[in-house]
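First residue of the sequence shown: 30, per the numbering used here; consecutive thereafter. Where is the CB? At the ideal position from N, CA and C, for every residue including glycine. Below: the structure, in structure tokens.
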Amino acid sequence: MNTGSLLAADLVIAVLAAAGWLGGGAASAARRRPLALGLAGLALLATLARAITITALARAGWWFAAEKVVIAAPLSLAGVVVAGTRLLRVPGDIRSVAVPMLFAGYAGSGALLVTLLHGYPASAGVGLLAVAGIVAATAVSWRILSPRPSRTLSRAATVVAVAALVAGTGLLVPGATPAAPHDHRYQDASTVGEPTRRFTLTAGTATVRVSGRDVAAWAFNGQVPGPELTATVGDVLAVTLRNRDIARGVTLHWHGYDVPNSQDGVPGVTQAAVLPGQEFVYRFRAGQAGTYWYHTHAVSDVGVRKGLYGALVVRPAPVTGVDVTVPVHTLAGEPLPAPRVEPVEAGEPVRLRLINTDSTTHRYALAGTPFRVAAIDGYELRGPTPLVDTAVLIPAGGRYDLVFTAPATPVALFVDGRAVYSTGPMSAATDGWPVLDPLGYGVGSPAPWSRFDRKFTLVLDRGLDLRGLLPRYAHTVNGATDPDIPPHAVRLGDIVRFTIVNRSMVVHPWHLHGHHVLVLSHNRQPATGSPLWLDSFDVRPGDVWEVAFRADNPGMWANHCHNLAHTGMTLHLMYS
30 MNTGSLLAAD
40 LVIAVLAAAG
50 WLGGGAASAA
60 RRRPLALGLA
70 GLALLATLAR
80 AITITALARA
90 GWWFAAEKVV
100 IAAPLSLAGV
110 VVAGTRLLRV
120 PGDIRSVAVP
130 MLFAGYAGSG
140 ALLVTLLHGY
150 PASAGVGLLA
160 VAGIVAATAV
170 SWRILSPRPS
180 RTLSRAATVV
190 AVAALVAGTG
200 LLVPGATPAA
210 PHDHRYQDAS
220 TVGEPTRRFT
230 LTAGTATVRV
240 SGRDVAAWAF
250 NGQVPGPELT
260 ATVGDVLAVT
270 LRNRDIARGV
280 TLHWHGYDVP
290 NSQDGVPGVT
300 QAAVLPGQEF
310 VYRFRAGQAG
320 TYWYHTHAVS
330 DVGVRKGLYG
340 ALVVRPAPVT
350 GVDVTVPVHT
360 LAGEPLPAPR
370 VEPVEAGEPV
380 RLRLINTDST
390 THRYALAGTP
400 FRVAAIDGYE
410 LRGPTPLVDT
420 AVLIPAGGRY
430 DLVFTAPATP
440 VALFVDGRAV
450 YSTGPMSAAT
460 DGWPVLDPLG
470 YGVGSPAPWS
480 RFDRKFTLVL
490 DRGLDLRGLL
500 PRYAHTVNGA
510 TDPDIPPHAV
520 RLGDIVRFTI
530 VNRSMVVHPW
540 HLHGHHVLVL
550 SHNRQPATGS
560 PLWLDSFDVR
570 PGDVWEVAFR
580 ADNPGMWANH
590 CHNLAHTGMT
600 LHLMYS
């Protein structure tokens, strides 16, 4: 069983244990002895099973088991001891075990709420709050169910609950998180030289035609996707961004392209958002060939979804053969691009540049020919081997380049089972194809570093964010949300290792600006294939990724989940 399945199983078992104790307590109060004893037995079995899942999670990594071992386990144990010892000498009147069983249920529920509402990291404050709730609930149940409740015990329980509540609340009051300084020393782009390629992108509201219907969109130059920007290595690009009428502002982020920090397009960090009637000129040298894309980083969860994106392709030299860019997107519930058929002569080399501009993973399958994965996230792979009847999964923001020699018979590219590009009429069933694991694909080589100057861990989770005016249930990194996630400080030249862990139940596609990271391992399995330099990768439930990079691009860089609706999962990498 993988770690993601263990997390889900532990959650289900915790619910069963708490429900068993609570149901048993209710059955005891109703004098339904067989039912009460049966539910107690279920709760004991579930508690034992949870001990097994927690042990397995602890072996998979302390991040997965921290609050379960420190808080949930002691609470559950206390419940088992109180209820279990009473059940071993249960009298004729089953009602006498109702409160002990309810106490065990409250303890199990409190432990479950700690996992769901607080998560990682474990804290004394949340443990004390759980104790306060458990004691208070038990006291109320005891006063209701006991024929002659003791005032002394009632007062003692009240004192314990209030003391735990006050202490826990005091420990949970959030401290001030140091603000990430916005160091603008790296914003001068004048040294890149005079532009050799000039583009103008005008952002504005538009109506576009998708799948036979008119859709309200935000668009660059009135089209979705925006114009494809192309260059050759060595070109100096000057891209003028104008905002016609997007009231919330726009910017341009060059996704995967390691531009100077001043050109990265992150509002509030590298520049101000471009408001209606304003413009901003981005300038950078095209020093790396590959498939990339651009999109607004201002209100990106809305702007990208509504159409403010386009492809950026940098070629090493004028190309021969057929070169096709396929940016996949979902606009107003409709899939893009529209299917197209483009005949290709047999023997012609073809390169398909696949770009996932959505916030979720897509499945791509090329039918009708052997192919190779030539590049991932703009980096060419070493020794890619031919693949047949094999699918690839591309995370949000990711890119794969597939190359093949056109056969005499048709070839078709399917995205989630839908044909988006073909060289002739063709249908194929690709759902059952295996998925390529890029960590073992191609020819490997030793890692370029034997030491790490900085090591950081990012634990992705979900919990109650108490730092705003109103509590909210949010996606978190190390127990906090943007802007309260402390930045990671590095120095120029440092070799930096990130350990990225997902203990939530949803996928988080991770994206670091300004750098590509080398994959060291995934779920403890070392990368053995061609060196994988990624800027976007899926961190699935239970995943543990180890990646590294050289800090060679000074500035302040966003490091965030590229499911753009997960707005709280943003922190910063800052050079000191």
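Taking buried to mean at least 16 other C-beta atoms within 10 Å of its own C-beta, is residue i buried or exposed?
i      : result
His211 : With a pLDDT of 46 at His211, under the threshold of 50, the predicted position of this residue should be treated as unreliable, though the coordinate-derived value follows. The residue is exposed, with fewer than 16 neighbouring Cβ atoms inside 10 Å.
Leu77  : exposed
Ser479 : exposed
Thr32  : buried
Glu575 : buried
Ser533 : buried
Ala205 : Reliability fails at Ala205, whose pLDDT of 46 lies under 50, so the model's placement of it is uncertain and no value is given.
Ser456 : exposed
Gly263 : exposed
Ser240 : exposed
Gln252 : exposed
Arg79  : buried
Ala190 : Caution applies to Ala190, whose pLDDT of 47 falls short of 50 and renders its modelled position unreliable; the value that the coordinates give is listed next. By the neighbour-count rule (16 or more Cβ atoms within 10 Å), Ala190 is buried.
Val333 : buried
Val572 : The sequence given here has Asp at residue 572, not Val. Under this definition Asp572 is a buried residue.
Pro570 : buried
Met30  : exposed
Arg447 : exposed
Leu117 : exposed
Tyr311 : buried
Please look up how many angstroms separate the CB atoms of residue i and residue j, rounded, as I've assumed it's under 8 Å.
i      : j      : result
His282 : Tyr323 : 7 Å
Pro515 : Gly453 : 55 Å between Cβ atoms; not a contact.
Thr419 : Ala346 : Contact doesn't hold; Cβ gap of about 30 Å is too wide.
Arg483 : Val525 : 5 Å
Trp247 : Leu337 : 5 Å
Gly492 : Gly148 : 4 Å
Leu487 : Phe527 : 6 Å
Arg227 : Ala267 : 5 Å
What is the DSSP secondary structure of residue i, counted as helix, strand or coil?
i      : result
Met30  : coil
Phe93  : helix
Gln292 : helix
Trp283 : strand
Val169 : helix
Thr144 : helix
Asp567 : strand
Ala47  : helix
Leu521 : coil
Val357 : strand
Val164 : helix
Leu337 : coil
Arg501 : strand
Asp330 : helix
Arg62  : helix
Pro463 : coil
Gly52  : helix
Ala476 : coil
Ala38  : helix
Gly469 : helix
Val370 : strand
Ser57  : helix
Ala159 : helix
Leu493 : strand
Val221 : helix
Leu541 : strand
Pro256 : coil
Looking at the strands, I want to know which residues DSSP matches up with residue i.
i      : result
Phe228 : Val268
Met585 : Met603
Ile529 : Leu487 and Trp574
Arg314 : Val265
Pro378 : Thr434
Glu363 : Leu360
Arg238 : Asp243
Arg344 : Thr261
Ala151 : In DSSP, Ala151 forms no bridge with anything.
His551 : Gln554 and Trp574
Asp513 : Asp513 is not bridged to any residue.
Val303 : Val279
Q. Which ranges would you report for the beta strand (DSSP E) in the stretch 416 to 459 if only whole runs of at least 3 residues count?
A. 420 to 423, 428 to 434, 441 to 444 and 447 to 451
Q: Quick one: which unbroken beta strand (DSSP E) runs of 3-plus residues sit fully inside the stretch 384 to 417? Chain order, please.
A: 391 to 396 and 401 to 405
**Q.** Residue ranges of each alpha helix (DSSP H) within the stretch 65 to 139, 4 or longer
**A.** 91 to 96 and 102 to 117
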